[in-house]
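Asks: Right, I'll just put the structure down here and ask away after.
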Amino acid sequence: MTAVSASPTARGRTYDDLVARALEGALGPDPRTQRIAVAFTTRQAVRHDGRGTGYRNEVLSLRLAEAVGSCAVEPGELPDSALDDCVGADVARLLEHPLAAVRVAALDAYLMHVTPHTPDHGALPVALPAGSSLEKSKARARAVVELLDLPAGGTVLVVGVVNSLLEALRSRRIGYVPCDLKGGVTEWSEPVVADALAAAGGCDALLVSGMTLGNGTFEPLREHALRHGKQLVMFAQTGSAVLPRLLGHGVSAVCAEPYPFFWLDGGPGVVHRYRAAGGGDRRGSSEVGQLHGTSGGVR
Numbered sequence: 000m001t002a003v004s005a006s007p008t009a010r011g012r013t014y015d016d017l018v019a020r021a022l023e024g025a026l027g028p029d030p031r032t033q034r035i036a037v038a039f040t041t042r043q044a045v046r047h048d049g050r051g052t053g054y055r056n057e058v059l060s061l062r063l064a065e066a067v068g069s070c071a072v073e074p075g076e077l078p079d080s081a082l083d084d085c086v087g088a089d090v091a092r093l094l095e096h097p098l099a100a101v102r103v104a105a106l107d108a109y110l111m112h113v114t115p116h117t118p119d120h121g122a123l124p125v126a127l128p129a130g131s132s133l134e135k136s137k138a139r140a141r142a143v144v145e146l147l148d149l150p151a152g153g154t155v156l157v158v159g160v161v162n163s164l165l166e167a168l169r170s171r172r173i174g175y176v177p178c179d180l181k182g183g184v185t186e187w188s189e190p191v192v193a194d195a196l197a198a199a200g201g202c203d204a205l206l207v208s209g210m211t212l213g214n215g216t217f218e219p220l221r222e223h224a225l226r227h228g229k230q231l232v233m234f235a236q237t238g239s240a241v242l243p244r245l246l247g248h249g250v251s252a253v254c255a256e257p258y259p260f261f262w263l264d265g266g267p268g269v270v271h272r273y274r275a276a277g278g279g280d281r282r283g284s285s286e287v288g289q290l291h292g293t294s295g296g297v298r
């Protein structure tokens, strides 16, 4: 497969830099002219067949024209008033909203509208086959883990414990340190650490959920990866259109999964993979351009 070349899409050095540039109109149309038509939340509880643990998800999503931007939150954390704040509001106003989830979802919707997940923006689509929730979870996990350029015997910090991701790492004989703000244990009774930054020093690479954008833990991890020259691979339902803008500035690769997410439907789906310039796909393709990290529950 031939290499995918990214268009000259404007990027940012930090998340805050992206917000500032968006407010200035440097990333696309004036955000004061872009209004959110629909705001909604998606809540789910799941326990896959054969798994000993379950989890819950709650996601705030905002629709701007054809685009949907999302940010995961802790279940029950988002006040009902947030939806009323968002409907009919312009993006600029929401980028300065007091709730981080609203700010992230608004930026995600805006950037999804401006730079959708298409090859000319650096995205390489990866098909997810139809199947059960567990089958689709495992397929998504393989698409994520293939972005890691780490040999067997290496150790990766997994921020946002998704058991299917851990299973995929185990199959490649890659060690991992599972991390989630809630702590707990994995499907294999391994302890889950709560302090990602403290654990990062002993790991060769970082595999991090986009949910870190919403809870404020992303930037320290990006800075650590940049400072120490480590791979930072993001799996992103939250901020799927935001994180590719940070490629080359600490972010090495992104597996972007915009709404609707794999757990909402049993039919075929797609995720979009990005790599920083110079990164190659393990299966022979090249990608240019460019879970919960956090506290998202043990999956």
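Positions 0 to 298 (numbering that gives the first Met the number 0) are the ones given, in order, by the sequence shown. Note that beta-carbon positions come from the ideal geometry of N, C-alpha and C, so glycine has one too.
(1) Which partner residues of CYS178 appear in the DSSP bridge assignment?
(2) Would you mind reading off the limits of the alpha helix (DSSP H) that contains THR40?
(3) Taking the alpha-carbon of ALA199 as reference, which of LEU26, LEU164, VAL113, ARG226 has the nearest alpha-carbon?
(4) Which same chain residues, not among the five before or five after GLY247, have their C-beta less than 6 angstroms away from its C-beta?
(5) So the candidates are ARG20, PRO259, LYS229; which of them puts its Cα closest to the Cα of LEU59?
(6) Below 8 angstroms on the Cβ atoms is my contact criterion, and I expect TRP262 with VAL45 to pass it. Report the Cβ-Cβ distance as a whole number of Å.
(7) Give the DSSP-derived three-state secondary structure of SER69 in the structure shown.
(8) I need the straight-line Cα distance from GLY11 to PRO74, nearest angstrom please.
(9) Nearest-angstrom Cα distance between THR216 and ASP194?
(10) For VAL18, does the three-state DSSP call read helix, strand or coil?
(11) Compute the distance between the beta-carbons of LEU94 and VAL18, then report whether it is under 9 angstroms.
(12) Tell me, please, whether the region 235-245 touches the region 62-74 by the rule of three or more beta-carbon pairs shorter than 8 angstroms.
(13) Beta-carbon within less than 8 angstroms of PRO7's beta-carbon, same chain only, minus the 5 sequence neighbours each way: which residues are those?
(14) DSSP puts ASP315 in a beta bridge; with which residues?
(15) Mind checking ALA38: buried by the 16 CB within 10 Å criterion, or exposed?
(16) Rounded to whole angstroms, what is the Cα-Cα separation between THR13 and ALA25?
(17) Quick one, are the C-beta atoms of ARG34 and ASP89 less than 9 angstroms apart?
(18) Helix, strand or coil for MET210 per DSSP?
(19) Buried or exposed for ASP107, going by 16 or more other Cβ atoms inside 10 Å?
(20) Could you check what DSSP says for PRO243 in three-state terms: helix, strand or coil?
(21) Jot down the residue ranges of each uninterrupted beta strand (DSSP E) in the region 121-151, minimum 3 residues, whole runs only, in chain order.
(22) Round the Cβ separation of ALA204 and VAL155 to the nearest angstrom and send it over; I've been treating them as touching at under 8 angstroms.
(23) My output table needs one value for ARG221: the three-state DSSP class, helix, strand or coil.
(24) With 16 as the cutoff for other CB atoms within 10 Å, does SER208 come out buried or exposed?
(25) Just to confirm, is the Cβ distance from GLN230 to LEU149 under 9 angstroms?
(26) If you run the structure through DSSP and keep just helix, strand and coil, what is HIS112?
(27) Tell me the DSSP secondary structure of ALA9 in three-state form.
(28) Which class does THR1 belong to by DSSP, given the choice of helix, strand or coil?
Replies: On the basis of the data shown:
(1) VAL158, VAL192
(2) Not the alpha helix (DSSP H): THR40 falls in the beta strand (DSSP E), residues 37-45.
(3) ARG226
(4) ALA275
(5) PRO259
(6) 6 angstroms
(7) strand
(8) 30 angstroms
(9) 10 angstroms
(10) helix
(11) yes
(12) yes
(13) Residue placement at PRO7 cannot be trusted, given a pLDDT of 42 that sits under 50; the coordinates are not used to answer.
(14) The chain is shown from 0 up to 298; residue 315 falls before or after that span and cannot be answered.
(15) buried
(16) 15 angstroms
(17) yes
(18) coil
(19) buried
(20) helix
(21) 123-127
(22) 5 angstroms
(23) helix
(24) buried
(25) yes
(26) helix
(27) coil
(28) Residue placement at THR1 is poorly supported in this model, since its pLDDT is 31, which falls under 50; the coordinates still yield a value, given next. Note: THR1 maps to coil in three-state DSSP.
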